[in-house]
Amino acid sequence: MKILAAASEIYPLVKTGGLADVAGALPTALRPLGIEVRSMVPGYPAVMAELKSGKIAHHYAELFGGKAALVAGKAKGLDIIALDAPHLFNRSGNIYLGPDGKDWPDNGPRFAAFSQSVVDVARGAIKGYAPDLLHLHDWQAALAAVHVKFGGGPKTVVTVHNIAFQGQFPAHFFASLGLPPAAFGINGVEFYGNVGFLKGGLACADAITTVSPSYANEICTPEFGMGLDGLLRSRRQAVSGIVNGIDTDVWNPETDKDIAVQFDVSTLEKRSLNKRAVEKRFGLTTGDGPLFCVVSRLTWQKGMDILAAALDTLMGSGARLALVGSGESGIEREFLGAAQQHKGRIGAVIGYDEALSHLMQAGADAILIPSRFEPCGLTQLYGLRYGCVPVVARTGGLADTIIDANEAGLGAGVATGFQFSPIDGPSLQAALGRAARVYKSGKAWTMLQKRGMESDVSWKHSAAAYKELFSNLPESSA
Ligand code: ADP
Ligand code: GLC
């Protein structure tokens, strides 16, 4: 089976979050199952730099306001087709946001062009290549499913990584999309009078997946569906959830070059050297209480304001906190302020640092993920693999991947972390208290770490689930 996957970011070429990790790891996980994946990605500078020896496979005299080309080649073990369109993608800084921290004003044309190029490849723009299926990730690629429905092409699967990001643009933008008038309707891109890229993709795809079974249920409700729940309910048969795996080579504490000392489940005591390294890096004193960490976008979704409000209680319990993250400036300021106020107890690095995130998983005792909603979440899976016990909100993929250390979970020896609900300050504080108590007990904590490290967080099962889905798509269900 030949699959053309399209995503706006792909690890290790370009990454702002978990989407990149998934887009980068899934092709390798599918290969042994007989599925050959080529990955399409916009030609940002970081991508084009890796494709220096790539071949121009198609020319556009004009694509959304400028010349463009499709460049195909291998990069970091991935089979890449990049849309090289300098007028759209050759910019420094964040791939979605301008220097003012707001969406690039031309994100509509940028990702409409990207989706158009995906469909062009699907329809034979690259000689000798004809994919059997399009796997379209998030709104930036979803429009391709609309093109296919209204103009022909292979079967399509749209995967929702986060329904909060929908790609909505004013109605007049429709005229530039090259779609027939019928596509501006309830079965196409029309969404409350505007153009909705994700809405269109969800209406037109042969199958819709999201990144955990719980989130698949949640997005069909008004509370989590963000306006798309009605459409998703009407397509309930086409919606499923497949939990993300992780790349167990990139995230392997036995071989990780970014950590101070490598370890495995039988040499857990070596983690203490990584802990010292984290303390040093964040200017923290050593102490008896647990060292919590956060590796996250600092946003409302991630519940970072809830955590910020709980810091005084956390300090009261003798714990320490190391945080790396960036996002909303108000939340960034709050953590920097807390680090000033609790010198030696709270350390905050504002920014994005992949290597540091590995060291933190290897050295901190627990990772905090108090998300208000979480389609899957990857940092709790990295935590499991590194013996960094996850303390998570009971929502979405967090609920599906962590087994709570309540009496039953501990008693049966199956627990892997701590869950809390409702998602608010008091219940987060209660979970932190529970975690601190189990940490003090020593033995039960070690059991949690070991269970986590032994649990299977690889792509094995989920890759098989994708294969099953890809192989059994109903005849034109959209
Ligand atoms: P999301 O994609 O919603 O941000 P995920 O948990 O799925 O959440 O994925 C986040 C990814 O980004 C993980 O690989 C995590 O380690 C990484 N990450 C997030 N913030 C940072 C940061 N400040 N520095 C390094 N890595 C980060
Ligand atoms: C999104 C979600 C996150 C998920 C990731 C990869 O960014 O917010 O929960 O893990 O996509 O699927």
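Each residue of the sequence shown is one higher than the one before, counting from 940 in this note's numbering. Glycine residues also receive a C-beta, built at the ideal position from the N, C-alpha and C atoms.
Apply the 10 Å Cβ neighbour rule to residue i and answer buried if 16 or more other Cβ atoms are within range, or exposed otherwise.
i, result
"residue 1300", "buried"
"residue 1081", "buried"
"residue 1007", "buried"
"residue 1145", "buried"
"residue 1036", "exposed"
"residue 1100", "buried"
"residue 1405", "buried"
"residue 1235", "buried"
"residue 1345", "exposed"
"residue 1023", "buried"
"residue 1318", "buried"
"residue 1214", "buried"
"residue 978", "buried"
"residue 1422", "With the chain running from 940 to 1417 in the structure shown, residue 1422 is simply not present."
"residue 1221", "buried"
Quick one: residues in its chain with C-beta nearer than 6 Å to the C-beta of residue i, no 5 flanking neighbours on either side, listed in chain order?
i, result
"residue 1273", "1247"
"residue 1416", "Confidence is the limiting factor: at residue 1416 the pLDDT is only 48, short of 50, which leaves the residue's position unreliable, though a coordinate-based value still follows. 1145, 1177, listed in sequence order."
"residue 1186", "964"
"residue 1252", "1368"
"residue 940", "974, 1071"
"residue 950", "959, 960, 963"
Go through its chain and collect everything with a Cβ distance to residue i's Cβ below 8 Å, but skip five positions before and after it.
i, result
"residue 1090", "1058, 1118, 1119"
"residue 1170", "1138, 1141, 1142"
"residue 1385", "1207"
"residue 1364", "1245, 1248, 1249"
"residue 1270", "1237, 1238, 1243, 1244, 1247"
Once DSSP output is grouped into helix, strand and coil, what is the label at residue i?
i, result
"residue 1185", "coil"
"residue 1265", "strand"
"residue 1033", "coil"
"residue 1358", "strand"
"residue 1101", "coil"
"residue 921", "Given a span of 940 to 1417 for the chain in the structure shown, any question on residue 921 remains unanswerable."
"residue 1416", "Bear in mind that a pLDDT of 48 at residue 1416, under 50, signals an unreliable position, so the number given afterwards is only what the model happens to contain. In this structure, residue 1416 counts as coil in the three-state DSSP scheme."
"residue 1074", "strand"
"residue 1380", "helix"
"residue 1230", "strand"
"residue 1410", "helix"
"residue 1330", "strand"
"residue 1025", "helix"
"residue 1304", "coil"
"residue 1271", "helix"
"residue 1325", "helix"
"residue 950", "coil"
"residue 1156", "helix"
"residue 941", "strand"
"residue 997", "strand"
"residue 1219", "helix"
"residue 1206", "helix"
Return the chain-ordered list of same chain residues with a C-beta closer than 7 Å to the C-beta of residue i, the five sequence neighbours on each side being excluded.
i, result
"residue 1436", "The structure shown does not extend to residue 1436, since the chain is modelled only from 940 through 1417, so no value can be given for it."
"residue 1227", "1257"
"residue 985", "952, 953"
"residue 1326", "1207, 1210, 1388, 1391, 1392"
"residue 1412", "1094, 1145, 1146"
"residue 1132", "1110"
"residue 1341", "1319, 1329, 1331, 1355, 1356, 1358"
"residue 1047", "1108, 1112"
Cβ of residue i within 8 Å of Cβ of residue j?
i, j, result
"residue 1097", "residue 1112", "no"
"residue 968", "residue 1398", "yes"
"residue 962", "residue 946", "yes"
"residue 1020", "residue 1002", "no"
"residue 1076", "residue 942", "no"
"residue 1183", "residue 1401", "yes"
"residue 1241", "residue 1310", "yes"
"residue 1085", "residue 1128", "yes"
"residue 1050", "residue 1136", "yes"
"residue 1403", "residue 972", "yes"
"residue 1193", "residue 1335", "no"
"residue 1028", "residue 981", "yes"
"residue 1217", "residue 1323", "no"
Kindly give me the distance between the Cβ atoms of residue i and residue j, rounded to whole angstroms, as I take these residues to be in contact under 8 Å.
i, j, result
"residue 1204", "residue 1013", "Their Cβ separation, rounded to whole angstroms, is 35 Å, which puts residue 1204 and residue 1013 out of contact at 8 Å."
"residue 1152", "residue 1343", "The pair is not a contact, with the Cβ atoms about 17 Å apart (cut-off 8 Å)."
"residue 1223", "residue 1264", "Contact flag wrong, Cβ pair sits at about 17 Å."
"residue 1199", "residue 1179", "With a Cβ gap of about 41 Å, residue 1199 and residue 1179 do not count as contacting."
"residue 991", "residue 1011", "Going by Cβ atoms, the distance from residue 991 to residue 1011 rounds to 13 Å, so no, they are not a contact pair."
"residue 1350", "residue 1331", "The Cβ separation is near 20 Å, so there is no contact."
"residue 1307", "residue 1233", "5 Å"
For chain B, is any of its Cβ atoms less than 8 Å away from the one on residue i?
i, result
"residue 1264", "Chain labels in this structure do not include chain B; a single protein chain is all it has."
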